[in-house]
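In our numbering, the protein residues as written are 1 to 152. Ideal placement from N, C-alpha and C gives every residue a C-beta, glycine not left out. Given the structure is predicted, the values throughout are model-derived calculations rather than measurements. Shown next, in structure tokens, is the structure this report addresses.
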């Protein structure tokens, strides 16, 4: 039986529910196997994906959809366990940066194997032919006025 096509509100509510379920599933497995929650993994993964291994904190906060002060609190926690660091130097733009420490880089690489498997499992019921359309729609939702979301 086909469900009726949702309107914008219905779609956003479904999207929110899907994200919450995905985050709970990820947090459960990431916590068991790697001692991370999904927010930690997302932050570490974004840093690992940075071209030179460091990212301006304002850009990192924006990419993760969090405030700069929330990012700072999270980075302090990750610094305490030796996974990431706030760099003392500034970027070419004069912005404070964050980067991964070697232990953080290794952990995110190991955790990515788990996350990839969980993502494949979560998307199992989704027809692969629909993924490009869904990815485009989600990327459009990630955009702000000034730049595109490269990897939401």
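Residue environment, residue i, which counts as buried when at least 16 other CB atoms sit within 10 Å
i	result
residue 126	exposed
residue 53	exposed
residue 144	Residue confidence for residue 144 is low, a pLDDT of 48 falling below 50, so the modelled location carries little weight; the figure read from the coordinates is stated next. When all chains shown are included, residue 144 counts as exposed.
residue 44	buried
residue 16	exposed
residue 7	exposed
residue 30	buried
residue 1	Note that residue 1 scores 44 on pLDDT, short of 50, meaning its location in the model is unreliable and no value can be drawn from it.
residue 131	exposed
CB-CB length for residue i against residue j, believed under 8 Å
i	j	result
residue 25	residue 118	6 Å
residue 95	residue 61	Their Cβ separation, rounded to whole angstroms, is 11 Å, which puts residue 95 and residue 61 out of contact at 8 Å.
residue 34	residue 111	4 Å
residue 85	residue 99	6 Å
Top-ranked residue by Cα proximity to residue i, from the options
i	options	result
residue 83	67, 108, 65, 70	108
residue 87	106, 47, 110, 111	47
residue 101	8, 69, 15, 78	78
residue 115	137, 42, 50	42
Proximal residues to residue i (C-beta, below 6 Å), its chain only, five neighbours per side dropped
i	result
residue 63	46
residue 23	38
residue 134	none
residue 21	none
Own chain, CB closer than 7 Å to residue i, minus 5 neighbours either side, in chain order
i	result
residue 105	48
residue 14	6
residue 68	57, 58, 61
residue 27	37, 38
Neighbourhood of residue i by C-beta distance below 8 Å, restricted to the same chain and skipping five residues each side
i	result
residue 103	82, 83
residue 74	39, 40, 43, 66
Chain D contact for residue i (CB, 8 Å cutoff)
i	result
residue 83	Protein chain content of the structure displayed is limited to a single chain, and chain D is not contained in it.
Going along the chain, which unbroken runs of the beta strand (DSSP E) with 3 or more residues stay wholly within the region 29 to 114? 54 to 56, 84 to 90, 96 to 100
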